[in-house]
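Protein chains in written order, with this note's numbering: chain A, -9 to 398; chain B, 99 to 312.
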Amino acid sequence: MSKPKVFEKPIGLKDYLPDAVRKLRHIERNVLDCMQGWGYEQIITPTMEYYDTVGVASSTSDHKLYKLLNNRGTTLVLRSDITGPIARVVSSLLKEAEFPVRLSYHANVFRSIEEEAGREAEFFQTGVELVGDSSAEADAEVVALAIASLKAAGVERFRIAIGHVGFLNGLLDEALPGRIEEQELLKSCLLGRDYVGYREQLGRLQLEEPVQHELEGILRLRGGGEICDQAMALSTDQTARESIRHLCEIWEVLKAYGVNEHVLIDLTMIGDFSYYTGMTFEGYAADLGFPVVSGGRYDNLLAQFGRPAPATGFALKTTRILELLGADADDAVARTLIAYDEAGRAEALAAAGALRARGEAAVTARLDDALRKLVQNGLPKGPFAYKGMTFASLSLYEGATGKGDGGR
Amino acid sequence: MNGQPADILKVAMPKGRIYKQASKLFRDAGLPIPSDFDDTRKLIIEVPEARMEFIMAKPVDVPTYVEYGVADIGIVGKDVLMEEDKDVYELLDLGIAKCRMSVIGLPDWKPTIHPRVATKYPNVASAYFREQGQQVEVIKLNGSIELAPLIGLADRIVDMVETGQTLRENGLVEQEQIFGITSRLIANRVSYRMKNDSIQSLCDRLQATLAARL
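In structure tokens, the structure reads:
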């Protein structure tokens, strides 16, 4: 590649200008407050971790991790999510903490090649992990909190799809006992969202008519609570039935939370099998081409850090929610412009200090021709612009006329 | 649920070869493609009474529009899907625009030490030859691929074959078939969930029409 031009930055990285930062902070504050309201306390973990610990345990595939060498030649990774680091913290610093542990975070994460559209190399995630509780109640709590967080972030039209990796595992194991390779092939079609390929593979397997019909039928298993009953009728496999029972219970709890109007059961919704162990979910917002939240249960992760425990959680894709909210998400801050000449300076700066102490924004400026022209017909009523900045009001401190004019 | 009934379904249609057959399929399924649709030069055609909007796209761009969600669903050949590797749902095999991806060469082709393959589909070609255990140099061309072996740019080509007429006229032979190609109905990840009812019902109508054709 040719030498970068001075305005360029590495592909996939972004600057956030004041308007975007204000919106981002607004979302972050509201969402973290919401999470705190559910008893989740925020933690901060380092930007870099060891490749051999958090890197290896991460659900991000290896070629998407940013890897670096430290001065001893040890491989480090830029964190690709916060779930791994939290598993490390819960198993080490918090190893005496009683379960369940509820933690939240807001952090930037890094991916060297993002397969999804909108390929971002660095983006913000806001999320929670609920560690040490394997119940359907815990899964439902996390889904309900994801819904509350989306609302707190200002997302109005959204839908959550929940599935369970156990259902498909059980169903396929029952239909194709011992034929692991063929099961994997079918799963990889579903994971790749290739329904045509899935049907083709099924056709090739020469299964008995009812079994084939049944396996094709799961492509249509989407909807409300009735899906649980339909799915239950499909399988006598122990794993599959237990998964459905668990999912039904989550559905019931979500009903009690009063949020299941947002939720869709979708048994074809499967996450990465090597990582997720139970319920998985994804959230979609209208007018945005990519999911805004994803999560699920990962009961095998903590064991890799020496403290086996069930865990469930989600991450909000905060950067994408930012795209979704219009410019009107948060009005510009109200600022006061305090103008003064030499004689009025001390009084003006003191007045600015008083405003700031009250939590208001004040900008000070020496009286110049532009300002004199602005106030020649009296102080502006309502918002005005001065040197590219908008102000809500103007205060004038002029020594020459004798008194400061606190005309706010 | 949350999806408002007023939502418009945006469909990315490929211009060119596939288009005629795709629009016929839509009409057979009772989906409202306006009659003057075939020869219009407009890029976006609204059909408000059916709450649909058709976007006329270059075929190779259809998966991109759908992945980014600027189109909810689209119609595209399997060749493009294999080459572009986008994260979209592949919902239905429409069985139209049937052809195949093949390796093509001169009749007297013999293995060479530094094999060169010209193609419009560099990803497909690389993946195929790797799987065959052959290392080849892939040369990307944008058209008239059949020229490459005739003038010595490459010893073989990977290209789409429909009738084989062009190959015969240029004295080339099909050596191996890589995969069969038909057009597919694809959907955006979010649209598939947010507009599930309308996408599923469109899917069902197309599927019923296809079944009736058999």
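We treat Cβ as the ideally placed atom computed from N, Cα and C, and that holds for glycine.
Local conformation of residue i per DSSP, three classes
i: residue 180 of chain B; result: helix
i: residue 320 of chain A; result: With a pLDDT of only 47 at residue 320 of chain A, under the threshold of 50, the placement of this residue in the model should not be trusted; the figure read from the coordinates follows. Coil.
i: residue 200 of chain B; result: strand
i: residue 232 of chain B; result: coil
i: residue 70 of chain A; result: coil
i: residue 85 of chain A; result: coil
i: residue 103 of chain A; result: coil
i: residue 264 of chain B; result: helix
i: residue 295 of chain B; result: helix
i: residue 212 of chain A; result: strand
i: residue 6 of chain A; result: coil
i: residue 206 of chain B; result: coil
i: residue 112 of chain B; result: strand
i: residue 31 of chain A; result: strand
i: residue 224 of chain B; result: helix
i: residue 335 of chain A; result: helix
i: residue 163 of chain A; result: helix
i: residue 245 of chain B; result: helix
i: residue 11 of chain A; result: helix
i: residue 175 of chain B; result: strand
i: residue 17 of chain A; result: helix
Classification of residue i by the beta-carbon crowding that lies within 10 angstroms, buried from 16 upward
i: residue 293 of chain B; result: buried
i: residue 96 of chain A; result: buried
i: residue 25 of chain A; result: buried
i: residue 307 of chain A; result: buried
i: residue 310 of chain A; result: buried
i: residue 300 of chain A; result: buried
i: residue 87 of chain A; result: exposed
i: residue 367 of chain A; result: exposed
i: residue 306 of chain B; result: exposed
i: residue 81 of chain A; result: buried
i: residue 393 of chain A; result: With a pLDDT of only 47 at residue 393 of chain A, under the threshold of 50, the placement of this residue in the model should not be trusted; the figure read from the coordinates follows. Classification for residue 393 of chain A: exposed.
i: residue 61 of chain A; result: exposed
Where the beta strand (DSSP E) through residue i begins and ends
i: residue 307 of chain A; result: 301 to 307
i: residue 351 of chain A; result: 351 to 356
i: residue 95 of chain A; result: 91 to 100
i: residue 290 of chain B; result: Here residue 290 of chain B belongs to no beta strand (DSSP E); instead the alpha helix (DSSP H) covers 287 to 292.
i: residue 273 of chain A; result: 269 to 275
i: residue 385 of chain A; result: 383 to 387
i: residue 80 of chain B; result: Outside the modelled stretch of chain B, which goes from 99 to 312, sits residue 80 of chain B, for which no answer is possible.
i: residue 275 of chain B; result: 271 to 279
i: residue 39 of chain A; result: 38 to 40
i: residue 178 of chain A; result: No beta strand (DSSP E) holds residue 178 of chain A; the alpha helix (DSSP H) holding it covers 170 to 181.
i: residue 284 of chain A; result: 283 to 287
i: residue 50 of chain A; result: Run containing residue 50 of chain A: none; DSSP gives neither H nor E here.
i: residue 58 of chain A; result: 57 to 59
i: residue -4 of chain A; result: Note, residue -4 of chain A: premise wrong, no beta strand (DSSP E); not H, not E.
i: residue 376 of chain A; result: 374 to 376
Residue i beta carbon near the ligand ZN (any heavy atom closer than 7 Å)
i: residue 147 of chain A; result: Of the ligands one can find in the structure shown there are none, so the ligand ZN has no counterpart to examine.
For residue i, the first and last residue of its enclosing alpha helix (DSSP H)
i: residue 203 of chain A; result: 199 to 207
i: residue 190 of chain A; result: 185 to 194
i: residue 399 of chain A; result: This structure leaves residue 399 of chain A out entirely; chain A is present only between -9 and 398.
Residue i: contacting residues in chain D (beta-carbon distance under 7 Å)
i: residue 282 of chain B; result: Chain labels in this structure do not include chain D; the protein chains are A and B.
| Going along the chain, which unbroken runs of the beta strand (DSSP E) with 3 or more residues stay wholly within the stretch 232 to 260 of chain A? | 253 to 256
| With contact counted as at least three CB pairs below 8 Å, one residue from each stretch, are the stretch 118 to 126 of chain A and the stretch 249 to 263 of chain A in contact? | no
| task | Give a yes or no on contact between the stretch 233 to 252 of chain B and the stretch 180 to 197 of chain B, applying the rule of three or more CB pairs nearer than 8 Å. | result | no
| What beta strand (DSSP E) runs, 3 residues minimum, are completely inside the stretch 100 to 157 of chain A? | Annotation note: the stretch 100 to 157 of chain A contains the following uninterrupted beta strand (DSSP E) runs of length 3 or greater, listed N- to C-terminal: 112 to 121 and 148 to 154.
| field | Whole runs of the beta strand (DSSP E) within the stretch 128 to 164 of chain B, excluding any shorter than 3 residues | value | Whole beta strand (DSSP E) segments, 3+ residues: 142 to 145 and 150 to 155.
| the stretch 266 to 279 of chain A touching the stretch 277 to 285 of chain B, judged by at least three CB pairs closer than 8 Å | Cβ pair count under 8 Å is below three, so no.
| Using 8 Å as the threshold, is the stretch 146 to 159 of chain A in touch with the stretch 221 to 238 of chain A, meaning 3 or more CB pairs across them? | Between the stretch 146 to 159 of chain A and the stretch 221 to 238 of chain A, the count of C-beta pairs closer than 8 Å reaches three or more; the two stretches touch.
| message | With three or more beta-carbon pairs closer than 8 Å as the criterion, would you say the stretch 64 to 82 of chain A touches the stretch 131 to 144 of chain A? | response | No, the stretch 64 to 82 of chain A does not touch the stretch 131 to 144 of chain A.
| request: Could you tell me whether the stretch 198 to 208 of chain A touches the stretch 136 to 144 of chain A, where touching means 3 or more Cβ pairs closer than 8 Å? | output: Flag = no, the stretch 198 to 208 of chain A and the stretch 136 to 144 of chain A do not touch.
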